[in-house]
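Numbering (our numbering) for the sequence shown: 65 to 202. Ideal placement from N, C-alpha and C gives every residue a C-beta, glycine not left out. None of the values given here were measured: they were computed from a predicted structure.
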Amino acid sequence: MQTITIDNVSCVKSHYGVYLRTKWTDATFHFCCLGRYGNAFSDYLDGLDAEFSFIDIGANQGLYSLIAARNPHCTGVIAFEPVASSFEYLLDNLRINQAHAKVQAINAAVSDTAGMAEIAIKPGHSGAASLRSTFRNC
């Protein structure tokens, strides 16, 4: 992967065609860059040909928010990301992909319970964050 700089941010072009701020120590970053999530959902978002809105719960670095936002039929995206460090990457990725006008990023979790909760973060794998107190099969 070739590192480039956009708006003073070190980034790479992912398998999915969107630019991501580099985070070499994070498994989720590598999954996004190398296409480890497969193409079924990204192709679906790219192929929508009627107006749609997209809600990304647990957006992390914003891969699917960015893919949805680049579709000209997307009217808007709301991206929820509760982890402060991942949220900063999300904001940078929106800026370097010029998607910040179409995506509303919210630094909060979505749950079936109102209130405050502590989120568990697995070191080296930002995508494994959970409101559960333990990690299983991560």
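query: Inter-residue spacing [alpha-carbon to alpha-carbon] between F93 and H137; result: 27 Å
query: H193 versus G126 - alpha carbon distance; result: According to the sequence as given, residue 193 is Ala; it is not His. Cα-Cα distance, rounded: 15 Å.
query: Neighbourhood of L130 by C-beta, 7 Å cutoff - its chain only, sequence neighbours within 5 removed; result: V82, N157, N161 and A163
query: Local Cβ density within 10 Å of Y108, reported as buried at 16 or more and exposed below that; result: exposed
query: Paired residues, beta bridge with H137 - DSSP; result: Partner(s): none; H137 has no beta bridge.
query: 8 Å CB neighbourhood of T89 in its chain, flanking five on each side removed; result: G188
query: Contact set for T86: own chain, Cβ-Cβ below 8 Å, skip 5 residues either direction; result: T67, S74, C75, V76 and F93
query: Close-in-space but distant-in-sequence residues of the same chain around M65 (CB under 7 Å, 5 per side omitted); result: V76 and C97
query: 8 Å CB neighbourhood of Y117 in its chain, flanking five on each side removed; result: For the record, residue 117 in the displayed sequence is Ser; it is not Tyr. Result list for S117: C138, T139, G140, V141 and I142, in chain order.
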